[in-house]
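Participant: Taking the numbering used here, the leading residue of the sequence shown gets 1, the next gets one more, and so forth.
Yeah, the Cβ is synthetic: ideal placement off N, Cα and C, and Gly gets one too.
Have a look at this one.
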Amino acid sequence: MKQKKFILQESEIPTQWYNIQADMKTKPMPPLNPQTHEPMKAEDLFPIFAEECARQEVDMEHPWIDIPEEVLDKYKFYRSTPLVRAYALEEALGTPAHIYFKNESTNPLGSHKINTALPQCYYLKKEGITNVTTETGAGQWGMALSYAAKLFGLETAVYQVKITLQQKPYRSIAMRTFGATVTGSPSMSTRAGKDIITRDPNHPGSLGTAISEALELAMTTPNCKYSLGSVLSHVSLHQTIIGLEAEKQMAMAGEYPDMVIACFGGGSNFSGIAYPFMRHNILEGKNTEFIAAEPNSCPKLTRGKFAYDFGDASGYTPLLPMYTLGHDFKPANIHAGGLRYHGAGTIVSQLLKDGLMRGVDIPQLESFDAGMLFARTEGIIPAPESCHAIAATIREAKKCKESGEQKVILFNLSGHGLIDMPSYDQYINGDLRNYSVSDEEISHFLENVPKVF
Ligand SMILES: *Cc1c(COP(=O)(O)O)cnc(C)c1O
Numbered sequence: 001m002k003q004k005k006f007i008l009q010e011s012e013i014p015t016q017w018y019n020i021q022a023d024m025k026t027k028p029m030p031p032l033n034p035q036t037h038e039p040m041k042a043e044d045l046f047p048i049f050a051e052e053c054a055r056q057e058v059d060m061e062h063p064w065i066d067i068p069e070e071v072l073d074k075y076k077f078y079r080s081t082p083l084v085r086a087y088a089l090e091e092a093l094g095t096p097a098h099i100y101f102k103n104e105s106t107n108p109l110g111s112h113k114i115n116t117a118l119p120q121c122y123y124l125k126k127e128g129i130t131n132v133t134t135e136t137g138a139g140q141w142g143m144a145l146s147y148a149a150k151l152f153g154l155e156t157a158v159y160q161v162k163i164t165l166q167q168k169p170y171r172s173i174a175m176r177t178f179g180a181t182v183t184g185s186p187s188m189s190t191r192a193g194k195d196i197i198t199r200d201p202n203h204p205g206s207l208g209t210a211i212s213e214a215l216e217l218a219m220t221t222p223n224c225k226y227s228l229g230s231v232l233s234h235v236s237l238h239q240t241i242i243g244l245e246a247e248k249q250m251a252m253a254g255e256y257p258d259m260v261i262a263c264f265g266g267g268s269n270f271s272g273i274a275y276p277f278m279r280h281n282i283l284e285g286k287n288t289e290f291i292a293a294e295p296n297s298c299p300k301l302t303r304g305k306f307a308y309d310f311g312d313a314s315g316y317t318p319l320l321p322m323y324t325l326g327h328d329f330k331p332a333n334i335h336a337g338g339l340r341y342h343g344a345g346t347i348v349s350q351l352l353k354d355g356l357m358r359g360v361d362i363p364q365l366e367s368f369d370a371g372m373l374f375a376r377t378e379g380i381i382p383a384p385e386s387c388h389a390i391a392a393t394i395r396e397a398k399k400c401k402e403s404g405e406q407k408v409i410l411f412n413l414s415g416h417g418l419i420d421m422p423s424y425d426q427y428i429n430g431d432l433r434n435y436s437v438s439d440e441e442i443s444h445f446l447e448n449v450p451k452v453f
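Here it is, written out as structure tokens:
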């Protein structure tokens, strides 16, 4: 009988995360103080982030970092997540490729974000913090953080991109169910929000505006810190539990991936599935290909510029070396809310620059075509974000069909789409369209990137 699903015993769940920074030949450039342009050290990040996370952020030394016992205990409620061979999808495509997916949608929060929400809240609680703030786009991160914060006894304030909050209120209701307060961004509750609304009263909000507001609240509230669900290196670190499990599960299947694919917003789920395999490319000369699938309406990897830029719209964050479309880039209102971010994490940006991975851009309709086929074959309705990874996988599987190559493709299913049904409704009714962005628009937004080099 064909075996389809691979699950680890509790004792086989990894007990350490993998820090690729320690093994990279060219290290990522450091975050810079936005005023002085001096490199920032871990201590400089303590006022904003959990101290342990700040240390992990700039750790270039230790490839393996212990997962705290308390976090591992919580991981075990929903891990390992299944690795599945997608026979039905392969058959529908008529491809000789072997397609596997790591299913990060099986936990009750519905996405991979819980993998970093748990350690971040644990570290905050441990150092005596009582309140946490954050931003969220489509709401997966807000949901995961609200739950993890409640578990560790922290109060949560979430700024959610305003347009998403209005169009898809379900996740904000879920966040409030977990005890968080939720505010649409830009709002009148912060200086940053007021400035943005004064300049542009109809601003729909972006992850950049929401980050500014959450940061400002953290900086002006005693005993309150800020938590980010993507982009940063410590977030990517926590997500490597995905790839480390997948590595063991691929071995159970008797295979090793020729290609690893994930969708790309700020880079956390991509990093999570990719870095554990990439270490074998770096250290042992393996030749696995790594593909990050971004929306063609927010193409920072394929058309952005490598530069020091801010992580938020108002310039509160440190300057980060990243592929960026400019920190005030306003992406089209596509349904993959989690992929509407202007920049890529610093590690991923360096890896892309060094040719260790590549980006592909996917139009909105192609992503939903792929999501529909996946739903109809594998029985899982994928998150609109994850549909981009599936679309990139299908492109590669079709190439295999033409060439007759039997490649092994592994992709990450970052979340399910059961709270995103209005998007599928629009797709099925023929009301969805593609958005593209012109070179002129991109150069316009890139003009505001600070001149550091
Ligand atoms: C947030 C999110 C993403 C995008 O974020 P990354 O940090 O790039 O992983 C992708 N898929 C889902 C389901 C998400 O919630």
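Flag this pair as touching only if the region 218 to 238 and the region 296 to 310 have three or more C-beta atom pairs under 8 Å; answer yes or no.
Facilitator: No, the region 218 to 238 is not in contact with the region 296 to 310.
Participant: Less than 7 Å between the CB of A383 and some heavy atom of ligand 1, yes or no?
Facilitator: As a first step, residue 383 is located in the sequence shown; it is residue number 383 there, counting from the start. Answer for A383: yes, Cβ within range of ligand 1.
Participant: Quick one: which unbroken alpha helix (DSSP H) runs of 4-plus residues sit fully inside the region 226 to 298? Chain order, please.
Facilitator: Runs of the alpha helix (DSSP H) inside the region 226 to 298: 233 to 252, 268 to 284.
Participant: Using DSSP bridges, identify the partner residues of G404.
Facilitator: For this step, residue 404 is matched to residue 404 along the sequence shown. The partner list for G404 (beta bridge, DSSP) is empty, contrary to what the question assumes.
Participant: Do the CB positions of C224 and Q120 come within less than 8 Å of each other?
Facilitator: Stepping through the sequence shown from its first residue, residue 224 is reached at position 224. Stepping through the sequence shown from its first residue, residue 120 is reached at position 120. No, these two residues do not count as a Cβ contact at 8 Å.
Participant: What are the complete alpha helix (DSSP H) segments, minimum 4 residues, inside the region 95 to 148?
Facilitator: List check, alpha helix (DSSP H) in window: 114 to 126.
Participant: Taking only runs that begin and end inside the region 12 to 75, name each unbroken beta strand (DSSP E) of 3 or more residues, in chain order.
Facilitator: Within the region 12 to 75, the complete beta strand (DSSP E) runs of at least 3 residues are 16 to 18, 64 to 66.
Participant: Would you mind stating whether I242 and G266 have Cβ atoms separated by less than 8 Å?
Facilitator: Against the sequence shown, residue 242 aligns to sequence position 242. Against the sequence shown, residue 266 aligns to sequence position 266. Not closer than 8 Å, so no.
Participant: Are R427 and G417 close, meaning C-beta to C-beta below 8 Å?
Facilitator: Here the question's residue 427 lines up with position 427 in the sequence shown. Here the question's residue 417 lines up with position 417 in the sequence shown. One detail in the question is off: residue 427 reads as Tyr in this sequence, not Arg. Contact: no.
Participant: From G179 to S268, what distance separates their C-alpha atoms?
Facilitator: If you number the sequence shown from 1, residue 179 lands on position 179. If you number the sequence shown from 1, residue 268 lands on position 268. Cα to Cα, G179 sits roughly 25 Å from S268.
Participant: So, is S414 buried or exposed, given that buried needs 16 or more other C-beta atoms within 10 angstroms?
Facilitator: Working through the sequence shown from its first residue, we reach residue 414 at position 414. S414 comes out buried.
Participant: Considering just the uninterrupted stretch of the beta strand (DSSP E) at Q9, what are its terminal residues?
Facilitator: Reading the sequence shown from its first residue, position 9 is the one you call residue 9. No beta strand (DSSP E) holds Q9; DSSP gives it neither H nor E.
Participant: Closest to S111 by CA distance: which of Q140, I261, M29 is it?
Facilitator: To locate residue 111, count along the sequence shown from 1; it is residue 111. Here the closest residue by C-alpha is Q140.
Participant: For K350 versus P28, is the C-beta spacing smaller than 8 Å?
Facilitator: On the sequence shown, residue 350 is found 350 positions in, with the first residue counted as 1. On the sequence shown, residue 28 is found 28 positions in, with the first residue counted as 1. Checking the sequence, you will find Gln at residue 350 rather than Lys. Yes, Cβ-Cβ distance for Q350 and P28 is below 8 Å.
Participant: Once you ignore the five residues that flank A332 on each side, which residues in its own chain have a CB closer than 6 Å to its CB?
Facilitator: In the sequence shown, the residue the question calls residue 332 occupies position 332. Answer for A332: S297, Y435, listed in chain order.
Participant: Determine the direct distance from the alpha carbon of L432 to that of I362, and round the result to whole angstroms.
Facilitator: Position 362 of the sequence shown, counted from the first residue, corresponds to residue 362. Position 432 of the sequence shown, counted from the first residue, corresponds to residue 432. About 14 Å.
Participant: Tell me which same chain residues have a C-beta within less than 8 Å of the C-beta of A174, skipping the five on either side of it?
Facilitator: Stepping through the sequence shown from its first residue, residue 174 is reached at position 174. Hits under 8 Å: G139, M143, S146, I419.
Participant: Return yes when the C-beta of F264 is under 7 Å from any heavy atom of ligand 1, and no when it is not.
Facilitator: Position 264 of the sequence shown, counting from 1, holds the residue named residue 264. Indeed, a heavy atom of ligand 1 lies less than 7 Å from the Cβ.
Participant: Please identify the residue among E51, K102, T36, Q21 whose C-alpha is closest to the C-alpha of P63.
Facilitator: Here residue 63 refers to the residue found at position 63 when the sequence shown is read from its first residue. Taking only the C-alpha atoms, the option nearest P63 is Q21.
Participant: From what residue to what residue does the alpha helix (DSSP H) around T499 run?
Facilitator: Examination of residue 499 is not possible in this model, given that the chain is present from 1 through 453 alone.
Participant: Would you tell me roughly how many angstroms separate the C-alpha atoms of T221 and G355, rounded to the nearest one?
Facilitator: Along the sequence shown, one-based indexing puts residue 221 at 221. Along the sequence shown, one-based indexing puts residue 355 at 355. Their backbone Cα atoms lie some 42 Å apart in a straight line.
Participant: Going by the DSSP bridge assignment, what does C224 pair with across the sheet?
Facilitator: Against the sequence shown, residue 224 aligns to sequence position 224. According to DSSP, C224 bridges with N131.
Participant: Less than 7 Å between C-beta atoms, sequence neighbours within five positions excluded: which residues of the same chain meet that for T26?
Facilitator: What you label residue 26 is simply residue 26 of the sequence shown in a count that begins at 1. Taken in chain order, the residues that qualify are Q350, D354.
Participant: Run through DSSP, which three-state label would P422 get?
Facilitator: Translated into positions along the sequence shown, residue 422 becomes position 422. Here P422 sits in helix by DSSP.
Participant: Does ligand 1 have a heavy atom nearer than 7 Å to the CB of K330?
Facilitator: Position 330 of the sequence shown, counted from the start, is the residue given in the question as residue 330. No.
Participant: For M175, report the span of its alpha helix (DSSP H) as first-last.
Facilitator: Working through the sequence shown from its first residue, we reach residue 175 at position 175. Run containing M175: 170 to 177, per the alpha helix (DSSP H) assignment.
Participant: Entirely within the region 341 to 379 and at least 4 residues each: give me those alpha helix (DSSP H) ranges in chain order.
Facilitator: For the region 341 to 379, whole alpha helix (DSSP H) runs of length 4 or above, ordered along the chain, are 346 to 353, 364 to 378.
Participant: Could you tell me whether the region 33 to 43 touches the region 84 to 98, using the rule of 3 or more Cβ pairs below 8 Å?
Facilitator: No, the region 33 to 43 is not in contact with the region 84 to 98.
Participant: Cβ of K305 within 7 Å of any heavy atom in ligand 1?
Facilitator: Locating residue 305 in the sequence shown gives position 305, where the first residue counts as 1. No, since every heavy atom of ligand 1 falls outside the 7 Å radius drawn around the Cβ of K305.
Participant: Would I48 and A218 qualify as a contact pair, given that the criterion is a beta-carbon distance under 8 Å?
Facilitator: Position 48 of the sequence shown, counted from the first residue, corresponds to residue 48. Position 218 of the sequence shown, counted from the first residue, corresponds to residue 218. Yes, the Cβ-Cβ distance between I48 and A218 is below 8 Å.
Participant: Taking its Cβ as the centre, do 16 or more other Cβ atoms sit within 10 Å of E12, making it buried, or is it exposed?
Facilitator: As a working note, residue 12 is residue 12 in the sequence shown. Its Cβ having fewer than 16 others within 10 Å, E12 is exposed.
Participant: How far does the alpha helix (DSSP H) with R191 in it reach, from first residue to last?
Facilitator: Reading the sequence shown from its first residue, position 191 is the one you call residue 191. Taken as a continuous stretch (DSSP letters only), the alpha helix (DSSP H) holding R191 covers 191 to 199.
Participant: Between K102 and ligand 1, is the CB less than 7 Å from at least one heavy atom?
Facilitator: As a first step, residue 102 is located in the sequence shown; it is residue number 102 there, counting from the start. Every heavy atom of ligand 1 is 7 Å or more from the Cβ of K102, so no.
Participant: I want to check one thing, is the minimum distance from the CB of G415 to the heavy atoms of ligand 1 below 7 Å?
Facilitator: Here residue 415 refers to the residue found at position 415 when the sequence shown is read from its first residue. G415 Cβ: within cutoff of ligand 1.
Participant: Among residues of its own chain, excluding the 5 on either side of H335, which ones have a beta-carbon nearer than 6 Å to its beta-carbon?
Facilitator: In the sequence shown, the residue the question calls residue 335 occupies position 335. Excluding positions up to five away in sequence, the list reads P384, S423.
Participant: Closest by CA to T15, which one among R79, L32, G345?
Facilitator: Along the sequence shown, one-based indexing puts residue 15 at 15. Closest by alpha carbon: R79.
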